[in-house]
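Colleague:
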Amino acid sequence: QVQLVESGGGLVQPGGSLRLSCAASGSIVEIDTMGWHRQAVGKQREWVVALHTSGGATKYAESVKGRFTMSRDNAKNTVYLQMDSLKPEDTAVYYCYAIRRGRDYWGQGTQVTVSS
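Once you know that position 61 of the sequence shown is 65 in my numbering, the rest is easy, because the numbers rise by one and skip nothing.
1) CB GLU10 to CB LEU24, shorter than 8 Å?
2) How is GLU10 classed by DSSP in three states: helix, strand or coil?
3) Give me, in chain order, the residues of the same chain whose beta-carbon lies closer than 8 Å to that of ASP108; leave out the 5 immediate sequence neighbours on both sides.
4) Would the beta-carbon of ALA96 fall within 8 Å of that of VAL116?
5) From what residue to what residue does the beta strand (DSSP E) around VAL53 run?
6) Specify the secondary structure class of ALA79 as computed by DSSP and reduced to three states.
7) Alpha carbon to alpha carbon, how far is GLU93 from GLY14?
8) With a Cβ-Cβ cutoff of 8 Å, do VAL53 and GLY39 count as a contact?
9) Where SER64 and ARG105 are concerned, what is the direct C-alpha to C-alpha distance, given to the nearest angstrom?
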């Protein structure tokens, strides 16, 4: 089992920044991918970013490329999502996920609201 706990959401004005954190615990060995999805009210869950832990490659959705940056701190078993130049359309619940041995694990989600 893998447990994921997100933090760092909140209310920010358009053009502002937020950093989300996702701390992993449990059977974290052999996690091969971590990333984030988001879901806005009335919309389907949308993939945002994926980081492949073995090779280190990171892929971003076109809607966030150049504005969002995912990073990791292996010592803390934590990944981060730095979100800059935020737009109202980035408003959503952000979910951290991990893939281990072909199984998906999800955090509880953290709300990000971009509004003036």
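By construction, the Cβ of each residue, glycine as well, lies at the ideal position given by its N, Cα and C atoms.
Modeller: The answer reads as follows:
1) Contact: yes.
2) Taken through DSSP and simplified to helix, strand or coil, GLU10 comes out as strand.
3) Within the same chain, ASP108 has close Cβ partners TYR101 and ALA102.
4) Closer than 8 Å, so yes.
5) Where VAL53 is concerned, the enclosing beta strand (DSSP E) stretches over 50-56.
6) Reduced to three states, the DSSP call for ALA79 is helix.
7) The alpha-carbon atoms of GLU93 and GLY14 are separated by roughly 15 Å.
8) For VAL53 and GLY39, yes; Cβs fall inside 8 Å.
9) For clarity, residue 64 is Tyr in the given sequence; the question names Ser instead. Rounded to the nearest angstrom, the two C-alpha atoms are 22 Å apart.
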